[in-house]
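**Q** The structure that follows is given in the form of C-alpha cells.
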Amino acid sequence: MHTIIACIDGSASTEAISLAGAWASQRLEQPLTLLHALEKPATPPAADLSGAIGLGSREHLLEELTALDERRERLALEHGKHLLQAAEATARAAGAAEVTQRQRHDDLVGSLAELEEETRLVILGRQGEDHAAEQHAIGSHLESVVRRIQRPILVTLRAFRPPRSFMIAFDGSDTAQKALSRVAGSPLLAGLPCHLVSVGPLSEEQQRQVSEATATLSGAGFSVTTATLEGEVQTALNRYHREQQVDLMVMGAWGHSRIRQFFVGSNTTRMLSQAEMTLLLLR
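Heads up, the sequence shown stops at 283 in UniProt numbering, and the numbers go up one at a time, no gaps.
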C-alpha cells in the first residue's frame with residue numbers, strides 16, 4: 001500500500017506539515033507516515049580528531065569527545081521521538097485515521113529516495129529548522145528533494161488550512177498536460193473550484209490547449225475558471241492568488257514556456273521562496 005510521507009524536523013512549519021498530512025490522508029484515503037531524518041552532525045566525530053589530538057596526556061580529551069558524540073546522538077533520537085509524537089497527535093486531531101512514525105539515520109533526500117516506491121505524496125515545509133526566522137527562505141533540502149524525488153510534492157508555508165480552491169499554472173506543454181490529467185484523475189482536489197491560469201500572450205495553439213484542458217477538467221467534475229495573466233510570471237501568479245483568494249497552486253515543474261523557464265534552475269528557488277500559497281509540484 002502507498003503512503004503519504006510528511007517530513008518533520010521541528011521547524012516552525014511542523015504543525016502545518018502535520019495538518020497537511022492529515023488533510024491529504026483523508027482526501028486520498030491513504031495512511032500517513034511521519035518521517036524524521038536523523039542526519040549526521042556537521043561537526044566531525046571524535047574518531048576523526050584522534051590524529052589531531054595525539055596520544056599520551058590528551059587521550060582523555062578523545063574519550064570526552066566520544067562520550068559527547070554518543071550523548072548528542074541519544075538526545076537527537078529522543079528529541080525526534082517527541083517531535084513525532086506531537087505531530088501524530090496533531091494529525092489525528094485533524095482527522096487522520098492511520099498514522100505511523102518513522103525515524104531514519106540518513107539525510108532527508110536519501111531517506112525519501114529509499115521510500116519512494118511506497119510513496120504516494122511527499123509533504124515538506126518551505127522553511128526547515130535552520131531557516132525558521134527567515135520568512136522567504138527555503139529549507140536546505142527542499143530544492144534537492146524537488147529535483148531528486150519523482151513523486152508529487154506538497155510544499156506548505158508556516159500555516160496550513162484545507163484548500164477551498166486551487167489554481168493550475170498551465171503552459172500547454174506535455175508536462176503541464178500530464179499534470180492536469182493527474183489532477184483530473186485524483187481525489188486529492190476533487191470537488192474544489194479550479195482556476196486554470198496561463199501567463200500570456202497565448203498563441204492560437206495555446207488557446208486551443210486551454211480550451212481542451214478546460215473540457216478535461218469539466219468532464220472530471222471540476223468547476224473551472226480560466227484566466228490569462230500579463231507580466232512577470234511569479235508576480236502575476238501571486239497577484240492572482242491574492243485577488244481570487246486561491247489556497248493552493250498546482251504546477252508541472254518542467255514545461256516549455258515562460259512558466260517552464262520560471263521553474264528551472266535559479267528560478268525554482270525564487271518560486272519556492274516567494275510563492276504565497278501552498279504548492280503542489282507534479283513531475
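Where a beta carbon is used, it is the ideal one built from N, C-alpha and C, also for glycine.
If you draw a straight line from the alpha carbon of residue 157 to that of residue 209, how long is it in whole angstroms?
**A** As a working note, residue 157 is residue 157 in the sequence shown. As a working note, residue 209 is residue 209 in the sequence shown. Computed Cα separation, rounded: 31 angstroms.
**Q** Round the Cβ separation of residue 153 and residue 124 to the nearest angstrom and send it over; I've been treating them as touching at under 8 angstroms.
**A** Position 153 of the sequence shown holds residue 153. Position 124 of the sequence shown holds residue 124. Their Cβ separation, rounded to whole angstroms, is 6 angstroms, which keeps residue 153 and residue 124 in contact under 8 angstroms.
**Q** Using only CA atoms, which one of 77, 283, 274, 31 lies nearest to residue 91?
**A** Here residue 91 refers to the residue found at position 91 of the sequence shown. Selected option, being the one with the closest Cα: 31.
**Q** Can we say the region 211 to 231 touches the region 177 to 195, given the rule of at least three CB pairs closer than 8 angstroms?
**A** Taking 8 angstroms as the limit for Cβ pairs, the verdict is that the region 177 to 195 does touch the region 211 to 231.
**Q** Assign residue 273 to one of three DSSP states: helix, strand, or coil.
**A** The residue labelled residue 273 in the question sits at position 273 within the sequence shown. In this structure, residue 273 counts as helix in the three-state DSSP scheme.
**Q** Quick one: grab the DSSP three-state call for residue 195.
**A** The sequence position of residue 195 within the sequence shown is 195, counting from 1. If DSSP states are grouped into helix, strand and coil, residue 195 belongs with the strands.
**Q** For residue 215, does the count of other Cβ atoms within 10 angstroms reach 16, so buried, or fall short, so exposed?
**A** As a working note, residue 215 is residue 215 in the sequence shown. Counting Cβ neighbours within 10 Å, residue 215 comes out exposed, since fewer than 16 surround it.
**Q** Could you check the C-alpha separation between residue 126 and residue 213 for me, to the nearest Å?
**A** Reading the sequence shown from its first residue, position 126 is the one you call residue 126. Reading the sequence shown from its first residue, position 213 is the one you call residue 213. Taking the straight line from one Cα to the other gives about 29 angstroms.
**Q** Taking C-beta to C-beta, are residue 21 and residue 89 nearer than 8 angstroms?
**A** As a first step, residue 21 must be located in the sequence shown, where it is residue number 21. As a first step, residue 89 must be located in the sequence shown, where it is residue number 89. Contact: no.
**Q** What are the boundary residues of the alpha helix (DSSP H) that includes residue 17?
**A** Working through the sequence shown from its first residue, we reach residue 17 at position 17. Counting along the chain, the alpha helix (DSSP H) containing residue 17 begins and ends at 14 to 28.
**Q** Let me confirm a value: residue 34 is counted as buried when at least 16 other C-beta atoms fall within 10 Å, else exposed. Which label applies?
**A** In the sequence shown, residue 34 corresponds to position 34, counting from 1. Its Cβ being crowded by 16 or more others within 10 Å, residue 34 is buried.
**Q** For residue 163, count the other beta carbons within 10 Å of its own beta carbon; 16 or more makes it buried, fewer makes it exposed. Which is it?
**A** What you label residue 163 is simply residue 163 of the sequence shown in a count that begins at 1. Buried is the call here.
**Q** Can you give the beta carbon distance from residue 245 to residue 274, rounded, assuming they're within the 8 angstroms contact cut?
**A** Within the sequence shown, numbered from 1, the residue matching residue 245 stands at position 245. Within the sequence shown, numbered from 1, the residue matching residue 274 stands at position 274. Going by Cβ atoms, the distance from residue 245 to residue 274 rounds to 18 angstroms, so no, they are not a contact pair.
**Q** In whole angstroms, give me the CA-to-CA distance for residue 28 and residue 120.
**A** If you number the sequence shown from 1, residue 28 lands on position 28. If you number the sequence shown from 1, residue 120 lands on position 120. Spanning the two alpha carbons is a distance of roughly 9 angstroms.
**Q** For residue 256, does the three-state DSSP call read helix, strand or coil?
**A** Locating residue 256 in the sequence shown gives position 256, where the first residue counts as 1. A caution first: residue 256 carries a pLDDT of 47, below 50, which makes its placement in the model unreliable, though a value can still be read off. The answer is coil: DSSP assigns residue 256 none of H, G, I, E or B.
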